[in-house]
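In our numbering, the protein residues as written are 178 to 613.
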């Protein structure tokens, strides 16, 4: 606290500064009125946290809860390798890190902590919370991606490359290409969807807003610019708000489904989730994370990704939820789950585990239409299911839609912040996990 209504704030991270863009954040928030004191940086000591007295022995400081990173990734077992962030590379401009104070006034500090409605959603958020949460989430993603790089397997997320820094992490993953169906003419040229390619995901702290952003780039046969923009908006409005690295893995898997123009259908589902129709009783959403069916430890909930490929990259499991759009209606806690299995090789769709003839007929009709037109049947099938449950008598909703008694409450795709348990098991088409 300084005189004249002034406050000095500095990065007090242990050992070295790690809040990338802290001075830029307050400069942006104060409309350029903040004052950086970088000339005093050489006189500051970074060897231990300033919240501990200098007389406290090192072993006590290390054992203190203050020594535990708030951004610790609970889905990654702790080890010495995971504690190191890969060095930043030249492809991303660096945001400055400094332990020198930045001087602001009380009004700027107040604005940093005032919750305001986000311009792109109805969520309330505080600027300082968005900024620090973005840094923590990037750190958590870095740890999770590093763990994936060390333990690649067919059922896990396969990363081709990874680069990271304090304020960004960039990964590339291959698109999912189903094996070519048997054809009489083996010399026929490959279609664009059989040529493969990579997707580049750049999770970063935006230099102009100091918020978490995502840039997606396809190396071959990119979807339309509007579809890519929707994928990026969905991450910023939905995925990152879950604060769950498994939700990010599931989202990446959705972006990898490029066969038969499936991205356009997935984008339509995302648009329906982000901008629901006010006339519909049910809202549609993608369930990105679910509970693993086998819970070996009652005290630790085990989660798995909701979007799963089979080992041969032929089928993909996608979980779709219908929930009431009005939170104050008598049945606002009710949820209907569709476990959709999309065959990328035959461009057909079915519901896992359903015996309802009316639902089976919907998926069969959509698959037949897809065979005729070559378009992905995902969105037409979901739209027809949504129309079916919306036109039904709400008081007597058929159980065949996928209603699971006991699965009440808010969004169940993820538990509380940081609730992802250690050592999650990847899901499978046969055993897709629980929605409870």
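Virtual Cβ for every residue (Gly too), placed ideally from N, Cα, C.
With a threshold of 16 other CB atoms inside 10 Å of the CB of residue i, please say whether the residue is buried or exposed.
| i | result |
| --- | --- |
| residue 380 | buried |
| residue 402 | exposed |
| residue 435 | buried |
| residue 494 | buried |
| residue 545 | exposed |
| residue 400 | buried |
| residue 215 | exposed |
| residue 247 | Legend: pLDDT at residue 247 = 43, less than 50; position of this residue unreliable, value from coordinates given subsequently. It is exposed - the Cβ of residue 247 has fewer than 16 other Cβ atoms within 10 Å. |
| residue 423 | buried |
| residue 477 | exposed |
| residue 187 | buried |
| residue 275 | buried |
| residue 550 | exposed |
| residue 397 | exposed |
| residue 261 | With a pLDDT of 38 at residue 261, under the threshold of 50, the modelled position of this residue cannot be trusted, and the question is left open. |
| residue 179 | exposed |
| residue 204 | buried |
| residue 489 | exposed |
| residue 535 | exposed |
| residue 287 | exposed |
Is residue j closer than 8 Å to residue i when the C-beta atoms are compared?
| i | j | result |
| --- | --- | --- |
| residue 303 | residue 291 | yes |
| residue 197 | residue 312 | yes |
| residue 356 | residue 335 | no |
| residue 566 | residue 499 | yes |
| residue 480 | residue 387 | no |
| residue 518 | residue 529 | yes |
| residue 293 | residue 211 | no |
| residue 616 | residue 547 | The question about residue 616 has no answer here: the residues shown for the chain are numbered 178 through 613. |
| residue 425 | residue 320 | no |
| residue 346 | residue 322 | yes |
| residue 446 | residue 382 | no |
| residue 409 | residue 421 | no |
| residue 496 | residue 468 | no |
Among residues of its own chain, excluding the 5 on either side of residue i, which ones have a beta-carbon nearer than 6 Å to its beta-carbon?
| i | result |
| --- | --- |
| residue 285 | 206 and 207 |
| residue 377 | 349 and 394 |
| residue 283 | 182 |
| residue 202 | 308 and 387 |
Measuring straight from C-alpha to C-alpha, what distance separates residue i and residue j?
| i | j | result |
| --- | --- | --- |
| residue 454 | residue 460 | 8 Å |
| residue 213 | residue 464 | 44 Å |
| residue 618 | residue 199 | Because the chain spans 178 through 613 in this model, residue 618 falls outside it and cannot be assessed. |
| residue 295 | residue 413 | 11 Å |
| residue 428 | residue 183 | 44 Å |
| residue 431 | residue 405 | 12 Å |
| residue 516 | residue 344 | 36 Å |
| residue 389 | residue 305 | 12 Å |
| residue 484 | residue 209 | 44 Å |
| residue 417 | residue 271 | 22 Å |
| residue 564 | residue 491 | 28 Å |
| residue 407 | residue 384 | 21 Å |
| residue 373 | residue 486 | 16 Å |
| residue 449 | residue 195 | 38 Å |
| residue 533 | residue 541 | 12 Å |
| residue 310 | residue 462 | 24 Å |
| residue 191 | residue 185 | 18 Å |
Grab me the residues of residue i's own chain with a C-beta within less than 8 Å of its C-beta, minus the 5 sequence neighbours each way, in chain order.
| i | result |
| --- | --- |
| residue 543 | 526, 554, 557, 558 and 561 |
| residue 539 | 558, 561, 562 and 565 |
With a threshold of 7 Å on Cβ separation, who are the neighbours of residue i within its own chain once the five nearest residues in sequence on each side are excluded?
| i | result |
| --- | --- |
| residue 502 | 453, 457, 458, 459 and 460 |
| residue 411 | 447 and 451 |
| residue 433 | 350, 352, 353 and 376 |
When you compare the CB of residue i with every CB in chain C, is at least one pair closer than 8 Å?
| i | result |
| --- | --- |
| residue 203 | In the structure shown, chain C cannot be found, because there is only a single protein chain. |
query = Would you say the stretch 436-452 touches the stretch 338-345, given that touching needs at least three Cβ pairs under 8 Å?
reply = no
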